[in-house]
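Below: the structure, in structure tokens.
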Amino acid sequence: MSDVQSLSLNQVAYGVARDPTKLDLFMVGDDGDVHTAAWDQDAAAQTWQGWWPIVAGGVPAIPGSSLTAVARDPTKLDVFLVGADGNVYTAAWDRNAQNGEWQGWWPIVAGSVPAIPGSEVFAVARDPMKLDVFVVGADGNVYTAGWDGNAATAGWQGWWAIGASGSVPAVPGTALCAVSRDPQKLDVFLTGADGNVYTAGWDGNAAAAGWQGWWLIPDGGGVPAVPGAMVYAVSRDPAKLDVFLVGYDAVVYAAAWDQNANGSAWAGWWPIAGGSAGFAIPGTPIYAVSRDPTRLDVFVSGADGVYTAAWSQTEDAQNWHGWWAIASSAPAPAVPGGAVFGVTRGPTKLDVFVIGSDAKMYTAAWDQNADQQWHGWWPIAN
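Per the working numbering, residue 5 is the first one in the sequence shown, and the count goes up by one each step.
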């Protein structure tokens, strides 16, 4: 076992829930290797185990850089990052193959997308046999590549530019987010160099093949965002999308799209639960989850801890509620404005993760069937 004893304060981690009883967490360590830790409710210990290096020394990563991960099904995991050479790399784990050992790292269509070393990458699984990866290149264009385990031509295909060159004023290397509303639909989002939020979409069932966009959210823009700031999106069902960010004015905003309402137009931006309540920092990373089609939960690091707000379509006139400090009796030593992310293991369970100011990773958990209180923060395997 490899211990991750010290983390960079600007480090980024990413986690997934493979099923309601399993969590997996990933980060690029200060040694440049990707490390993972895991929690299994069915295991005897029921504690976090790790950190283990994934194919140690096999990828030229920048210490502390960003990565992303997906769980294609409870037995499969895929991790992606942009290496120190500007190529996008992936590694994979299949519990039923290769003795359950991680395999990789493999470059995705090596050398054909000019990415900034160590920059952001995002991936989604449309079904257990399909993966799509997105990155903003050094030229400011958005690129995508795809893998289809059922295709006659094995391997990754791409990179393809989304939209004509220069059609979206992106900041090179900026963070973006993508969602798959169903196996035939993809939507990607980013904050441009002009502070507006843009989206593009792909529909495998549409008459017009290929990606469509970019479109402003809403038409004409209207949110005072920091250029290149992180935007996060979730799909509550195939006809609904919700997007979140922290604006230039430190207010937390939401926008929404409903295929069955408003003529399929985007609506927003609305401040969530009174905005930021004074704790957010402009451009702070934000994270959101949908526990079921009627519920949304948002997480953000403030100046003095981690906060959450919640929305339910079936309760209290559909208003946002919060902001609440998570586990306020034992607040995480969070870095103001630092990255926080959450996962949902089911409609009644939430888990949140943050790297603290003491350079350790912490987690907190909420269970609607217990006492409906947040509990934590617990250090993860370090």
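Using N, Cα and C, we set each Cβ at its ideal position, and we do this for glycine too.
None of the values given here were measured: they were computed from a predicted structure.
Classify residue i as helix, strand or coil using the three-state DSSP reduction.
i      : result
Ile276 : helix
Gln107 : strand
Ser268 : helix
Gln188 : coil
Gln53  : strand
Gln161 : strand
Gln216 : strand
Ser12  : The predicted model places Ser12 with a pLDDT of 42, which falls under 50 and marks its position as unreliable, so this point remains unresolved.
Ser6   : With a pLDDT of only 42 at Ser6, under the threshold of 50, the placement of this residue in the model should not be trusted, and no figure is reported.
Could you name the residues of the same chain whose beta carbon sits closer than 8 Å to that of residue i, not counting the 5 residues immediately before and after it, in chain order?
i      : result
Gly350 : Pro24, Arg295
Ala73  : Tyr18, Gly19, Val20, Asp28, Phe30, Leu81, Asp82, Val83, Phe84, Ala127
Ala201 : The sequence given here has Val at residue 201, not Ala. Cβ neighbours of Val201 beyond the five flanking positions: Phe193, Leu194, Thr195, Leu220, Ile221, Gly225, Val227, Ala229, Val235, Val247, Leu249, Ala259.
Ala314 : Arg299, Leu300, Asp301, Val302, Trp324, His325, Gly326
Glu105 : Trp97
Gly159 : Trp151
Residues in its own chain within less than 6 Å of residue i by CB, not counting five upstream and five downstream?
i      : result
Arg130 : Ser184, Pro187
Asn75  : According to the sequence provided, residue 75 is Ala. The question's Asn does not apply to it. Here the set comprises Val20, Arg22, Leu81.
Trp384 : The residue asked about is misnamed: residue 384 is Ile in this sequence, not Trp. Here the set comprises Ala41, Trp52, Met365, Thr367.
Gln216 : Gly205
Ala265 : none
Gln45  : Thr25
Pro297 : Arg240, Asp241
Asp98  : Lys80
Trp43  : Leu27, Trp52
Ser171 : Trp218
Ile276 : Val256, Ala258, Ala313, Trp324
Ala63  : Note that residue 63 is Val in the sequence shown here, rather than Ala. Excluding positions up to five away in sequence, the list reads Gly87, Tyr93, Trp109.
Thr318 : Thr298
Asp77  : Pro132
Trp382 : Thr367
Whose CA, out of the options, lies closest to the CA of residue i?
i      : options                        : result
Gly306 : Ser316, Leu354, Pro286         : Pro286
Gln372 : Val358, Thr348, Ile359         : Thr348
Trp328 : Gly346, Gly309, Val175, Ala265 : Gly309
Arg240 : Trp274, Trp215, Ala292, Ile276 : Ala292
Trp163 : Lys353, Gln263, Gly141, Gly199 : Gly141
Gly341 : Asn264, Tyr252, His379, Trp315 : Tyr252
Trp110 : Ala95, Phe138, Gly199          : Ala95
Ser169 : Ala179, Ala101, Tyr147, Ala158 : Tyr147
Asn209 : Gly199, Lys189, Pro289         : Lys189
Thr178 : Ala369, Leu71, Gly360, Trp378  : Leu71
Thr79  : Gly278, Ile166, Met133         : Met133
Ala331 : Trp160, Asp198, Leu354         : Leu354
Ile359 : Val38, Thr352, Trp370, Ala343  : Ala343
Leu180 : Ala156, Asn145, Trp160, Gly159 : Asn145
Gly214 : Ile166, Gly62, Gln50           : Ile166
Ala374 : Thr352, Ala49, Ile120          : Thr352
What residues in its chain sit with their C-beta under 7 Å from that of residue i, if we drop five residues either side in the sequence?
i      : result
Asn14  : For Asn14, the predicted structure reports a pLDDT of 44, less than 50, and the residue's modelled location is therefore unreliable. A value from the coordinates is still provided. Hits under 7 Å: Gly68.
Ser10  : For Ser10, the predicted model reports a pLDDT of 42, less than 50, meaning its position is unreliable and no value from the coordinates is stated.
His379 : Ala331, Ala368, Ala369
Val304 : Val250, Val256, Ala284, Thr288, Ile290, Tyr311, Val344
Val356 : Phe303, Val310, Ile330, Val344, Gly346, Thr367, Ala368
Asn100 : Thr79
Rounded to the nearest angstrom, how far is the Cβ of residue i from that of residue j, given a contact under 8 Å?
i      : j      : result
Asp191 : Leu245 : 6 Å
Asp143 : Pro173 : Incorrect: roughly 12 Å between the Cβ atoms, too far for contact.
Val32  : Ala65  : 5 Å
Asp262 : Ala243 : 6 Å
Val86  : Val139 : 7 Å
Ala269 : Asp223 : 7 Å
Pro231 : Ala197 : 5 Å
message: Three Cβ pairs or more, each shorter than 8 Å: is that satisfied between the stretch 101–116 and the stretch 85–93?
response: Contact holds: three or more Cβ-Cβ distances are below 8 Å.
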